[in-house]
Each structure stands twice: as structure tokens, then as C-alpha cells.
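S.K.:
Number of protein chains: 2
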Amino acid sequence: MSKYEKEVLDTVALHGTVSVMGLAQQLKVTDQTIRRIVKPLVERGEVRKVHGAIVAVSHPTDPPLSARLVEHRHEKALIARSIAAIVPDGAALVIDAGSTSSFVAQALCRHSDLTVVTNSAHIASVLSMVGGNHVYMAGTQLRSHDGAAFDQSAFEVVSRFTVDTAILTASLVHPELGFLANDQHEVDMAIAMSGIADRRIMAVDQSKWQERKANAPLRLPVLQPGDIVVTDSEPGSEYGTLLADLDLRVG
Amino acid sequence: MSKYEKEVLDTVALHGTVSVMGLAQQLKVTDQTIRRIVKPLVERGEVRKVHGAIVAVSHPTDPPLSARLVEHRHEKALIARSIAAIVPDGAALVIDAGSTSSFVAQALCRHSDLTVVTNSAHIASVLSMVGGNHVYMAGTQLRSHDGAAFDQSAFEVVSRFTVDTAILTASLVHPELGFLANDQHEVDMAIAMSGIADRRIMAVDQSKWQERKANAPLRLPVLQPGDIVVTDSEPGSEYGTLLADLDLRVG
DNA sequence: TACAAAATGTTGATATTTGGAGAAAATTCA
DNA sequence: TGAATTTTCTCCAAATATCAACATTTTGTA
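Right under this line is the structure:
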């Protein structure tokens with residue numbers, strides 16, 4: 001049995017999809033037997049079965065970032081437009097690799113003569129296409145789920161610049177803990193970016209104003225009095241203390 | 001759910017838009033069948049449907065508009081598919097920043113476990129989204145018209161790697177002068193990339209087989225005997241000598 | 001060898017998919 | 001606008017795939 005399984009898996013992996021009959025001929029057995037071999041494989045999730053063929057488990061057609069980009073995309077686009085309105089032509093920016101930042105980059109496409117430093121390959125590629133911009137990609141080794149770099153060279157590049165404005169994002173905002181990030185790399189990068197900028201703009205959509213601290217346990221100690229927070233919906237009163245000396249802009 | 005879905009999505013993603021009839025011919029089925037396959041995809045929002053054609057949903061990670069307005073994009077997509085068929089899953093690649101290379105990157109999205117080194121922010125961002133890939137962005141300062149890096153760090157990064165295959169492009173191919181590039185930076189990068197690869201694949205669309213040497217006066221001394229040249233149309237006989245010991249593949 | 005267990009093959013009923021013809025809707029062009 | 005053209009939709013018959021039940025063969029063991 002197992003010798004057939006291997007051959008089935010190999011063939012499927014090689015061709016992407018195979019018909020049951022095709023496999024039956026190749027293995028010199030009946031189609032019924034193929035079905036019996038394939039059934040446990042499907043149950044174990046090693047292949048997928050559709051009418052007429054057996055197909056390889058789909059490599060993520062929708063990469064994680066685009067999936068996240070779809071969530072709350074309307075709100076993020078709104079925030080991005082607000083931020084774009086704050087940033088003047090000719091500004092020097094550093095932009096982090098958050099999903100909301102990708103929308104900001106998109107919104108900044110109508111600007112010109114920007115100097116942009118970012119550790120997101122996607123943002124770099126979008127903004128470099130705009131004539132007159134100077135774009136610097138920080139980092140070499142790209143993280144696979146979002147195409148962002150957090151290696152040593154990313155920090156070295158960021159530290160070489162001084163810019164007007166840092167555009168940052170957070171994974172979550174907690175009333176007492178403040179702005180939170182997913183992992184230490186992101187915290188370090190946010191600190192590095194905020195350190196080279198005269199002012200910071202924090203972009204957080206409505207879904208981030210939540211108390212659950214599930215996957216974002218790390219604090220982002222980056223904002224200073226007078227920095228701007230852009231969001232799409234008024235946060236609850238429990239955030240009053242946190243936002244006391246920040247410049248909150250809604251819509 | 002059908003066995004053709006994957007191929008439909010592939011084709012749509014690669015070409016931006018396709019006609020129902022075109023897909024029908026490619027998949028060797030009736031237009032009715034294509035409509036039936038496409039209908040659930042439209043309902044799930046994976047593609048968009050207009051009268052006469054089926055259109056890819058615009059995604060932030062999609063090739064920017066500029067990449068779609070490229071001349072000869074149909075031919076380049078064809079070449080890209082051929083190259084993608086040559087490259088196996090798990091390969092280590094270095095990819096240059098030519099416009100055809102962007103199409104190759106798009107076509108490689110269905111591969112997995114690739115190791116990719118490139119000096120194009122766009123290619124880096126596209127391929128880094130694919131789960132299992134390891135992508136390295138070479139360079140920091142991005143050239144504004146194509147988002148490619150040719151600074152010193154770009155060469156340093158490239159020289160750190162050894163890969164199976166280099167995917168290169170040329171601006172023009174001349175019967176006697178051979179493969180030509182636009183400027184010295186591109187020549188230097190092509191040499192660096194070809195030096196770290198076991199074999200080279202040169203992608204040139206039909207429009208490059210011309211004698212005019214207007215804007216591409218610099219020779220690309222990068223190909224070695226046995227290297228692959230992929231194009232979409234048989235070049236004239238005057239290229240016989242140039243292609244003598246190369247592996248020419250048409251279509 | 002005999003026996004039981006597992007794997008494979010065969011048959012027939014059921015379900016799904018496909019292609020064709022014609023009607024309906026959308027698009028183009030004079 | 002109205003006719004000609006193209007694209008899309010609907011229904012149905014034919015082709016194909018799937019599943020379940022039973023027969024047959026192979027394998028493992030005493």
C-alpha cells in the first residue's frame with residue numbers, strides 16, 4: 001500500500017493535478033483502487049480531491065499579507081488618505097512594514113519628490129515607481145509572510161538617515177500597555193525608525209482598539225508628546241490617558 | 001470546485017485579463033465550461049468578470065500599473081511561462097531587474113521553496129509573498145524608473161551567493177555584437193549575477209531581435225556555451241553564429 | 001495446506017460535469 | 001435609434017466520475 005501512496009504523492013506533486021484514471025493506468029491498477037489509496041491521503045490533508053482529478057494541496061494562493069490587506073481595507077484606505085494629506089510633497093519619510101503602511105504608500109503615489117526609507121520591499125517598489133522620488137530599501141533578507149526585512153543591514157540603513165516623519169503601525173492598542181507589536185524585531189525597527197524622525201505618525205484602524213492582548217505582548221515605546229495618531233473611529237474613553245498628549249485625528 | 005480553477009487563476013494572474021474563448025482554447029474545453037468554472041471564482045471575489053473578458057482583481061501585491069503597460073506584455077508573459085516551466089521547485093535563482101524578469105517573477109508565484117536573489121524591489125516583493133521562498137533584496141538605493149538597485153551594496157549582496165540559475169534580460173540582440181544593455185550599471189550587474197550561477201537563462205522577446213543599436217550600445221558578455229535563451233519567435237538566420245552553442249527555446 | 005485478513009477487481013446505481021442549441025442580454029457600428 | 005454582432009445564459013442529453021456492495025485474488029500465519 002505505502003509504495004503506491006508514495007508514487008501517488010510524487011505524481012501529484014510533479015504535475016499539480018492528475019486524473020484518477022491516469023494514475024490507474026500509470027500504476028497498472030483499477031480506478032477503484034486509486035480511489036481507495038487516495039481517500040486516506042485526502043483525510044490526512046496531503047492531497048485535495050475534486051471531481052475528475054486529484055490535486056496537490058494548494059500553495060497559499062492568497063499570501064498572508066494580502067489576506068490581511070483585505071481585512072478592514074476600507075478603513076485602512078481612509079486612514080491612508082488622511083496621512084497622505086498630512087505629508088507634503090518633498091518630504092523625507094521612513095515607513096514601517098505594517099499592512100496599513102502599504103495603503104499609505106499607495107496613497108502617497110500622488111505625491112512627488114519624496115525621500116522614502118522603508119524595510120518593506122512592497123512599499124519600496126510601489127513608491128520607487130513614482131518619478132522624482134528617492135527610495136531606499138533597508139535590509140536584504142526578506143521575511144516571507146510580508147516581504148519585510150529585519151536583518152542587521154536593515155537597521156544599519158535606517159540609522160544612516162534623518163527624516164521629517166516616521167509612519168508607523170501597531171498590531172494592537174491597549175488602554176494601559178499602549179501600542180503593541182507582534183515580535184521583538186518589529187519593536188526594534190519601530191524604535192530605530194522613530195529615532196531618526198522629527199515626528200511620528202501612528203496609523204491604527206478601528207480593529208486595533210481592543211483589550212485582548214493575544215498576539216501582541218510587546219510594547220512599542222516610540223511615541224512622544226505631540227506625535228500624531230490617525231484612526232478611523234473614535235476610541236473608547238478608556239484610552240484617554242494613553243492619548244493625553246498625542247494628537248489624535250479621526251477620519 | 002474544479003480541476004481547472006488553478007490554471008484559470010494562473011492565466012488570469014499572469015495576463016491581467018483573458019477572454020473566455022482564449023481560456024477555452026487553452027484548457028481545451030468549451031466556453032460554457034469556462035463560464036461555469038469562472039462563476040464561483042467571481043462569487044468568491046478571486047477574479048472579476050466583465051463582458052467579453054475575465055479580469056484579475058487588483059491587489060496591492062500585483063504588478064504595478066507601469067508593469068502592465070509594458071510593450072509586448074503578451075509575448076513576455078509567454079516567455080515567462082516557458083522559463084517557469086524550466087525552473088524546478090526549490091531552485092536557487094538570481095533574477096535581474098528587466099521588465100521581462102518581472103513577468104518571470106509573476107509566473108514563478110506558483111512555485112515554492114525558491115531561494116531568490118534580485119536587485120529589483122518589485123520582484124523581491126512579489127516572490128517574498130510566496131510561502132516557503134527565501135528572498136534576498138540586493139541593494140539599497142532604488143533607481144526611480146524601475147525600482148532596481150545598482151549601488152555598491154547591491155553588488156556586495158549578489159557576490160555573497162551561489163545559485164543554480166541566473167535569469168537575465170537584454171535590451172537588444174545584435175547579430176554580431178550579441179546581447180546588449182542600456183548602461184554600464186546593468187552590464188556590471190549582469191556580469192556579477194551570471195558569475196554566481198551554474199547556468200543562465202536569457203529571456204528576450206521578439207522585439208529585441210533587431211539590428212538597430214540605438215539605445216543599447218553596451219555588450220553583455222555573460223552567456224556561456226549551453227546556456228538557455230528563451231524567446232517567443234524564431235530569430236532570423238543572421239543570428240545563427242551568435243546562437244551556435246546556446247540552447248535556443250522558442251515559445 | 002488451510003485459514004483468516006487484507007487488498008484488489010467487477011458490477012451496477014447514482015451523481016457530477018460537459019457540450020450543444022437556441023434564447024436573452026450586452027456591445028458595436030452605421 | 002435600430003440592426004448586426006458578440007457574449008452570456010438556460011435547459012437537456014450524453015459522457016464521465018464516484019460510490020457501495022460483492023466477488024476474487026493476494027498475503028500472512030500456524
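Keeping their order, the protein sequence lines are chains A and B. Heads up: the first sequence begins at 1 in the numbering used here, then just goes up one per residue. Heads up: the second sequence begins at 1 in the numbering used here, then just goes up one per residue. We treat Cβ as the ideally placed atom computed from N, Cα and C, and that holds for glycine.
1) I'd like to know whether the C-beta of H122/A is nearer than 8 Å to at least one C-beta of chain B.
2) Can you check which of these residues, Q141/A, T17/A and A192/A, is closest to A166/A by C-alpha distance?
3) Name the DSSP beta bridge partners of F179/B, please?
4) Quick one, which of E238/A, I79/A, G52/A and A97/A has its alpha-carbon nearest H185/A's?
5) Which runs of the alpha helix (DSSP H) fall wholly inside the region 183-207 of chain A and span at least 4 residues, in chain order?
6) Quick one: which residues of the region 35-46 of chain B get their C-beta closer than 7 Å to a C-beta of chain A? List them in chain order.
7) Taking 8 Å as the threshold (C-beta atoms), are L168/B and A190/B in contact?
8) Determine the direct distance from the alpha carbon of L180/A to that of A84/A, and round the result to whole angstroms.
9) Applying a beta-carbon distance threshold of less than 9 Å, which residues of chain A neighbour I157/B?
10) For the region 5-60 of chain B, which segments carrying the alpha helix (DSSP H) assignment without a break, of at least 4 residues, lie completely within its bounds, in sequence order?
11) Along the chain, where does the beta strand (DSSP E) containing H134/A start, and where does it finish?
12) Could you tell me which residues DSSP pairs with L120/A in its beta bridges?
13) Quick check: what's the CA-CA separation for V116/A versus A105/B?
14) If you draw a straight line from the C-alpha of P40/A to the C-alpha of I34/A, how long is it?
15) Whose Cβ in chain A lies nearer than 7 Å to the Cβ of Y239/B?
16) Flag this pair as yes or no: are the beta carbons of D232/A and G251/A separated by less than 8 Å?
17) Buried or exposed: M21/B, going by 16 or more other Cβ atoms within 10 Å of its Cβ?
18) Answer with buried or exposed for H145/B, where buried requires no fewer than 16 other C-beta atoms within 10 angstroms of its C-beta.
19) Which residue comes first and which comes last in the beta strand (DSSP E) that contains V94/A?
20) Beta-carbon of Y4/A versus every beta-carbon of chain B: anything under 8 Å?
21) Near T162/A, what residues of its chain come up, given a Cβ to Cβ distance below 6 Å and the 5 sequence neighbours on each side ignored?
22) Using beta carbons (cut-off 8 Å, strictly below), is N182/A in contact with chain B?
23) In the DSSP assignment, find the beta strand (DSSP E) that holds V104/A and state where it starts and stops.
24) If the criterion is Cβ atoms closer than 8 Å, does the pair A91/A and L114/A meet it?
25) On the CB-based measure, 16 or more other CB atoms within 10 Å of its CB, does V126/A come out buried or exposed?
26) Would E46/A pass as a contact of L23/A if the rule is Cβ separation under 8 Å?
27) Can you give the Cα-Cα distance for S66/A and Q25/B, rounded to whole angstroms?
28) For a contact meaning CB atoms closer than 8 Å, what does A149/B contact in chain A?
29) Per the DSSP calculation, T231/B is bridged to which residue(s)?
30) May I have the straight-line CA-CA distance separating Q206/B from V18/A, to the nearest angstrom?
31) Checking contacts by CB at 8 Å: is S99/B closer than that to chain A?
32) Just the C-alpha distance for G131/A and P88/A, rounded to the nearest angstrom, thanks.
33) Between the C-alpha atoms of H174/B and L223/B, what's the straight-line distance to the nearest angstrom?
34) How would you list, in chain order, the residues of chain B whose beta-carbon sits under 7 Å from the beta-carbon of A53/A?
35) If I measure Cβ to Cβ from V138/A and keep anything under 7 Å in the same chain, skipping five residues before and after, which residues do I get?
36) Taking the straight line between their C-alpha atoms, what separation do you get for R68/A and V187/A?
M.R.: Taking the structure as given:
1) Looking up residue 122/A in the first sequence gives position 122. Chain B contact via Cβ: present.
2) By 1-based counting over the first sequence, the position of residue 166/A is 166. That would be A192/A, whose Cα lies nearest to the Cα of A166/A.
3) Along the second sequence, one-based indexing puts residue 179/B at 179. F179/B pairs with V173/B.
4) To locate residue 185/A, count along the first sequence from 1; it is residue 185. Of E238/A, I79/A, G52/A and A97/A, the residue nearest in Cα terms is A97/A.
5) 184-195
6) none
7) Numbered from its first residue, the second sequence carries residue 190/B at position 190. Numbered from its first residue, the second sequence carries residue 168/B at position 168. For A190/B and L168/B, yes; Cβs fall inside 8 Å.
8) Looking up residue 84/A in the first sequence gives position 84. Looking up residue 180/A in the first sequence gives position 180. Approximately 23 Å, taken between the alpha carbons.
9) Taking the first residue of the second sequence as position 1, residue 157/B is located at position 157. One point to set straight first is that residue 157/B is Val, not Ile, in the sequence displayed. Per Cβ cutoff of 9 Å: T140 and S153.
10) 5-15, 20-27 and 31-43
11) In the first sequence, the residue the question calls residue 134/A occupies position 134. Counting along the chain, the beta strand (DSSP E) containing H134/A begins and ends at H134 to M137.
12) Sequence index remark: in the first sequence, residue 120/A carries index 120 (1-based). According to the sequence provided, residue 120/A is Ser. The question's Leu does not apply to it. The partner list for S120/A (beta bridge, DSSP) reads A148/A.
13) Here the question's residue 116/A lines up with position 116 in the first sequence. Here the question's residue 105/B lines up with position 105 in the second sequence. Each residue's alpha carbon lies about 24 Å from the other.
14) Mapped onto the first sequence, residue 40/A falls at position 40. Mapped onto the first sequence, residue 34/A falls at position 34. Looking at the two C-alpha atoms, the distance is approximately 11 Å.
15) Counting from 1 along the second sequence, the entry for residue 239/B is found at position 239. Per Cβ cutoff of 7 Å: no residues; Y239/B is ~33 Å from chain A at best.
16) The count along the first sequence starts at 1 and reaches residue 232/A at position 232. The count along the first sequence starts at 1 and reaches residue 251/A at position 251. Yes, these two residues count as a Cβ contact at 8 Å.
17) For this step, residue 21/B is matched to residue 21 along the second sequence. Flag for M21/B reads exposed.
18) Taking the first residue of the second sequence as position 1, residue 145/B is located at position 145. Result: exposed.
19) In the first sequence, residue 94/A corresponds to position 94, counting from 1. V94/A -> beta strand (DSSP E) spans A92 to I95.
20) Taking the first residue of the first sequence as 1, we reach residue 4/A at position 4. No, because no Cβ of chain B sits closer than 8 Å to the Cβ of Y4/A.
21) One-based indexing of the first sequence puts residue 162/A at position 162. I196, listed in sequence order.
22) Counting from one through the first sequence, the residue named residue 182/A turns up at place 182. N182/A does not count as touching chain B.
23) Here the question's residue 104/A lines up with position 104 in the first sequence. Where V104/A is concerned, there is no enclosing beta strand (DSSP E), although the alpha helix (DSSP H) it sits in stretches over S99 to A107.
24) In the first sequence, the residue the question calls residue 91/A occupies position 91. In the first sequence, the residue the question calls residue 114/A occupies position 114. Yes; because the gap between Cβ atoms is below 8 Å, this pair is in contact.
25) Position 126 of the first sequence, counted from the start, is the residue given in the question as residue 126/A. When all chains shown are included, V126/A counts as buried.
26) Taking the first residue of the first sequence as position 1, residue 46/A is located at position 46. Taking the first residue of the first sequence as position 1, residue 23/A is located at position 23. Not closer than 8 Å, so no.
27) As a first step, residue 66/A must be located in the first sequence, where it is residue number 66. As a first step, residue 25/B must be located in the second sequence, where it is residue number 25. Note that S66/A scores 49 on pLDDT, short of 50, meaning its location in the model is unreliable; the coordinates nonetheless yield the value given after this. About 31 Å.
28) Within the second sequence, residue 149/B is the residue found at index 149, counting from 1. Those are M137, listed as they occur along chain A.
29) To locate residue 231/B, count along the second sequence from 1; it is residue 231. Its beta-bridge partners are V250/B.
30) On the second sequence, residue 206/B is found 206 positions in, with the first residue counted as 1. On the first sequence, residue 18/A is found 18 positions in, with the first residue counted as 1. Their Cα atoms are separated by approximately 34 Å.
31) Along the second sequence, one-based indexing puts residue 99/B at 99. S99/B does not count as touching chain A.
32) Within the first sequence, the letter at position 131 stands for residue 131/A. Within the first sequence, the letter at position 88 stands for residue 88/A. The straight-line gap from Cα to Cα measures roughly 16 Å.
33) Position 174 of the second sequence holds residue 174/B. Position 223 of the second sequence holds residue 223/B. If I take the Cα positions, the gap works out to 14 Å.
34) Position 53 of the first sequence holds residue 53/A. Neighbours of A53/A on chain B, chain order: K3.
35) For the purposes of this step, residue 138/A is taken as the residue at position 138 of the first sequence. It should be pointed out that residue 138/A corresponds to Ala in this sequence rather than to Val. Excluding sequence neighbours, A138/A sits near V117, T118, N119, A149, A154, V157 and V158.
36) In the first sequence, residue 68/A corresponds to position 68, counting from 1. In the first sequence, residue 187/A corresponds to position 187, counting from 1. At R68/A, the pLDDT of 42 sits below 50, so the modelled position is not reliable and the matter cannot be decided from this model.
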